[in-house]
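One point on numbering: in the UniProt record's numbering, the residue at position 120 of the sequence shown is 120, and numbering is uninterrupted.
Idealized CB from N, CA, C, for every residue including glycine.
The next block holds one structure in the form of structure tokens; read it before the comments.
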Amino acid sequence: MDFDFEDEDDDQQRSKEPKIPLSVYISQGNCYQKLHLFSKAIACFEAGLRMEPNSEKCRLGRAKCLMFLAQFSEAQKEAEAALVLNPSSLEAKSLKAEAQYLLGDFEQAFITYNRAHKTRPNFDCFR
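Shown next, in the form of structure tokens:
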């Protein structure tokens, strides 16, 4: 018989670590973002995504930080991932369109903005 005791030690160590709620990672990431510490904010959002991979707020926060760091293609991918999780998210549509615009894909950005505006015509971001 071959026993793997290392896995049991890792499991015991993980169970001793405190469970931090996802909202703490999101709020910490937002604080870092407001302080323009984008790499730390991204680290918080990524920690939140490790806890809950389907977190729309973590994806959007990460996309915003990537926009500030001028990593527009990655920001667009994050916004698209947030749209997969919530297709009616206006913030995700706005970030995606802005990333497309900054990447030089003006026609697609216009189409994305136009579709979002049709969804919610009173939303100031799309006017």
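Going straight from the alpha carbon of residue 110 to that of residue 26, what length do you get? 30 Å
Kindly indicate which three-state DSSP category residue 117 falls into: helix, strand or coil? helix
Simplified DSSP assignment, three categories, for residue 20: coil
Using a threshold of 8 Å, state whether the C-beta atoms of residue 142 and residue 49 are closer than that. Because the chain in this structure spans residues 1 to 127, residue 142 falls outside the shown range and cannot be described.
Close Cβ partners of residue 100 (< 7 Å) along its chain, the five nearest in sequence each way excluded: 76, 108, 109, 112
For residue 70, which three-state DSSP category applies? coil
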